[in-house]
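The listed protein sequences correspond, in order, to chains R and A. Mapping of the first sequence onto this note's numbering: residues 1 to 304, in sequence order. Mapping of the second sequence onto this note's numbering: residues 1001 to 1304, in sequence order. For every residue, glycine included, the Cβ atom is placed at its ideal position computed from N, Cα and C. For reference, the structure discussed in these notes is given below.
There are 2 protein chains.
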Amino acid sequence: MKFEVTILGSSSATPIHNRNPSAQALNINEKLYLIDCGEGTQQQMLKFDVKASRIEHIFISHLHGDHYLGLVGLLSSLHLNGRKKPINLYCPELLKEIIDIQLKSSETELQYEVAYRFTDSGKAEVILENQDIIVETIPLDHGMRCTGFLFSEKKRLRKLIKEKIDEYNIPVEYYTALKKGADYVASDGRVFKNETLTTDSATPKSYVYCSDTLYNEQYFDQISNATLLYHEATFLNNMLDRANETHHTTALQAGQIALKTHAKRLLIGHFSARYKTLNELLDEARSVFPDTELAVEGKTFSIE
Amino acid sequence: MKFEVTILGSSSATPIHNRNPSAQALNINEKLYLIDCGEGTQQQMLKFDVKASRIEHIFISHLHGDHYLGLVGLLSSLHLNGRKKPINLYCPELLKEIIDIQLKSSETELQYEVAYRFTDSGKAEVILENQDIIVETIPLDHGMRCTGFLFSEKKRLRKLIKEKIDEYNIPVEYYTALKKGADYVASDGRVFKNETLTTDSATPKSYVYCSDTLYNEQYFDQISNATLLYHEATFLNNMLDRANETHHTTALQAGQIALKTHAKRLLIGHFSARYKTLNELLDEARSVFPDTELAVEGKTFSIE
């Protein structure tokens, strides 16, 4: 199953040429999920050939402009381009009011439904489950209502060991039960333990999106063992005071979080405009967690 | 006096790669005036080195997203960059509500004042007058509240004819009155007519911004004799029905308007995303009004 993320924006609130504010497109089994939608996200999609029409779910972490100001434009464009399929929007409740007043003021009545699911930054919740994934909110510590998102592949069924199935001549109608973990009881009463007939499926993969937040251990348990952890790293650690003051994380802290939560790989982003180049941020995170990459515009990372 | 316009966006509502929605920066005597502010305008300013911090006045024609969705991001960035000087915002009244709810939801209290002047699309009004210019609204026909803007240089004082001033030995304290058009009465009672002592100053230049609108003669008188006329030209004339239906203008009509209103030069913009290249639009406008240019991103046009 395809499971990858394309970065559409890597900057924090103050604009900088050649970087865009937060937005990421997840492709999970050829379905598109958009995480955050800063100003200009539509243009970034055009640039990197991410088909907006294929988006089914949009997740907005919080209501700082650099995480959602591109949304009304995107919704309007989908309407202008004839969309009829609903969009599922997971966001703080106030965003509905912001969208509604702007649609009203432009005399736009969308031809498709926006199905809202409001997030609650007070607790982790499953907000979406389909045949491919489960999505949970991650309560973050940003001095305002803010949630990250945890995308976990669903646990697959166990795999039959073909030779054993043949050897014991197990009828096909038992296969599903075996895949789900049941033992096999033969007609003569003999019991075959499930683990002798099947093997476990691969460990489900997960993508964790943590932006924006102060370093705070409250969410570490929930994000542990991420296949790919995206964590904001707005500042270098020599600006730790500024990071604390603005409820952000440093690159060093992002590395430490990846290490403590046993992430397999780390992506850092949400860079302050003061950093014209990003090497120092990358080096700092790698000093504690070597398997780190920069979440820069146009790059696609496979979650595996 | 410098009087020039830099194009920041040339597209209409549906997004297209490498074009941005409407925004233009006017430099009048080294003061910056922003006209419309589509999504991504901040990025365009960075790209074309238009200093956002120098903007004093912002004019929003109407509340279709492609004309204002970049504004909240711009206002927020000015705040983050420490602006203290007020911004003057000329716009439909509903925009204040749209801005307020977004500032509130991001818990932002701007450090500078936004001084609103609400436009009324029902009548032409002077909305700004300073030492350099007079700005009037132009009621347009867009099926919703929409105004264009007419920027006219202020009429300069008359110029003294130095040889006559010397010949008649006119005292310096009379110069200002002469420049304002008064006759000179000498101490012996002789009257010297003003037109023998001064010449008229240059005709004031004007920049006209007409977007978005149906071809409608109602605004032709007001925009006549523009030094530079910017007029939307969303479609080719073979899509006249579509233009009428959506309250837009064709390139041919834009040329006809320039001709009828005796514009000196014409700029066309607000191009539909269906036109991947713009030559046909340019050729069509030029077929009736040869002195036409494309208002494309990054180009600066002198108003002279």
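Query	Result
What residues in the region 59-88 of chain R have a beta carbon less than 7 Å from any beta carbon of chain A?	LEU63, HIS64, GLY65, LEU69, GLY70, VAL72, GLY73, SER76, SER77, LEU80 and ASN81
If you draw a straight line from the C-alpha of A/LEU1257 to the C-alpha of A/TYR1219, how long is it?	According to the sequence provided, residue 1257 of chain A is Ile. The question's Leu does not apply to it. Their Cα atoms are separated by approximately 10 Å.
Can you tell me where the alpha helix (DSSP H) holding R/GLY255 begins and where it ends?	251-260
Which of the three DSSP states is assigned to A/LYS1159 in this structure?	strand
Between A/ARG1083 and A/LYS1104, what straight-line distance do the alpha-carbon atoms span, to the nearest angstrom?	18 Å
Helix, strand or coil for A/TYR1112 per DSSP?	coil
Would you mind telling me which residues of chain R sit closer than 9 Å to A/ILE1099, beta carbon to beta carbon, in chain order?	Within 9 Å Cβ-Cβ: nothing; A/ILE1099 doesn't reach chain R, min ~10 Å.
Could you run through the region 116-148 of chain R and flag, in chain order, every residue whose CB is less than 7 Å away from some CB of chain A?	MET144
Sort A/GLU1113, A/HIS1062 and A/CYS1091 by Cα distance to A/SER1076 and report the nearest one.	A/GLU1113
Pairs of beta-carbons, one from the region 269-283 of chain R and one from the region 1265-1282 of chain A, closer than 8 Å: are there three or more?	no
State yes or no: is the beta carbon of R/MET47 nearer than 8 Å to at least one beta carbon in chain A?	Correcting the residue type first, residue 47 of chain R is Lys in the shown sequence and not Met. Yes, because at least one Cβ of chain A sits closer than 8 Å to the Cβ of R/LYS47.
In whole angstroms, what is the alpha-carbon distance linking R/GLU297 and R/ASP49?	12 Å
Across the region 36-44 of chain R and the region 91-102 of chain R, are there enough close Cβ pairs to call them in contact, namely three or more that are closer than 8 Å?	no
Where do the N-terminal and C-terminal ends of the beta strand (DSSP E) with A/GLY1073 fall, by residue?	Per DSSP, A/GLY1073 belongs to no beta strand (DSSP E); it is in the alpha helix (DSSP H), 1071-1080.
For A/TYR1090, which option in A/GLU1125, A/GLY1065, A/HIS1079 and A/GLN1111 has the closest C-alpha, if you only look at C-alpha atoms?	A/GLU1125
Kindly list, in the order they appear in chain A, the residues whose Cβ is closer than 7 Å to that of R/SER106.	LEU1063, HIS1064 and GLY1065
Using the C-alpha atoms, what's the distance from R/ILE133 back to R/TYR184?	29 Å
I think R/ASN88 touches R/HIS57, with their Cβ atoms under 8 Å apart; what is that distance to the nearest whole Å?	5 Å
Quick check on this structure: which residue in R/SER287, R/PRO290, R/ALA273 and R/PHE301 has the alpha carbon closest to the alpha carbon of A/LEU1080?	R/ALA273
With DSSP collapsed to three states, give me the class of R/THR198.	strand
In this structure, what does DSSP give as the bridge partners for A/GLN1024?	A/ILE1007 and A/ILE1035
List the residues of chain A that R/ALA13 touches, going by C-beta distances under 8 Å, in chain order.	SER1076, SER1077 and LEU1080
Mind pulling the beta strand (DSSP E) runs of 3 or more residues that sit fully within the region 211-293 of chain R?	228-232 and 265-269
Out of R/ASN194, R/LYS162, R/THR227 and R/PHE59, state which residue places its alpha-carbon closest to the alpha-carbon of R/GLU4.	R/THR227
Could you tell me whether the Cβ of R/GLU293 comes closer than 8 Å to any Cβ of chain A?	no
Under 6 Å Cβ to Cβ from R/PHE59, same chain only, skipping five residues before and after it: list those, please.	ILE35, TYR90 and PHE149
How would you write the range of the beta strand (DSSP E) that A/THR1014 sits in, first residue to last?	Segment: none, A/THR1014 is in no beta strand (DSSP E) and carries neither H nor E.
Determine the direct distance from the alpha carbon of A/GLY1009 to that of A/ASP1212, and round the result to whole angstroms.	14 Å
For A/LEU1094, decide whether its Cβ has a neighbour in chain R, counting only Cβ atoms nearer than 8 Å.	yes
Under 8 Å, Cβ to Cβ, is there at least one residue of chain A near R/GLU245?	no
When you compare only the Cα positions, how much space is there between R/TYR305 and R/ASN225?	Any answer about residue 305 of chain R is impossible in this case: the structure gives chain R only from 1 up to 304.
Give the secondary structure of A/GLY1122 by DSSP, where H, G and I count as helix, E and B as strand, and everything else as coil.	coil
Less than 8 Å between the CB atoms is what I'm expecting for R/ASP307 and R/HIS247, so what's the real figure, rounded?	Beyond the ends of chain R as shown, which are 1 and 304, falls residue 307 of chain R; an answer cannot be given.
Count the other CB atoms, across all protein chains shown, that sit within 10 Å of the CB of A/LYS1205; report buried if there are 16 or more and exposed otherwise.	buried
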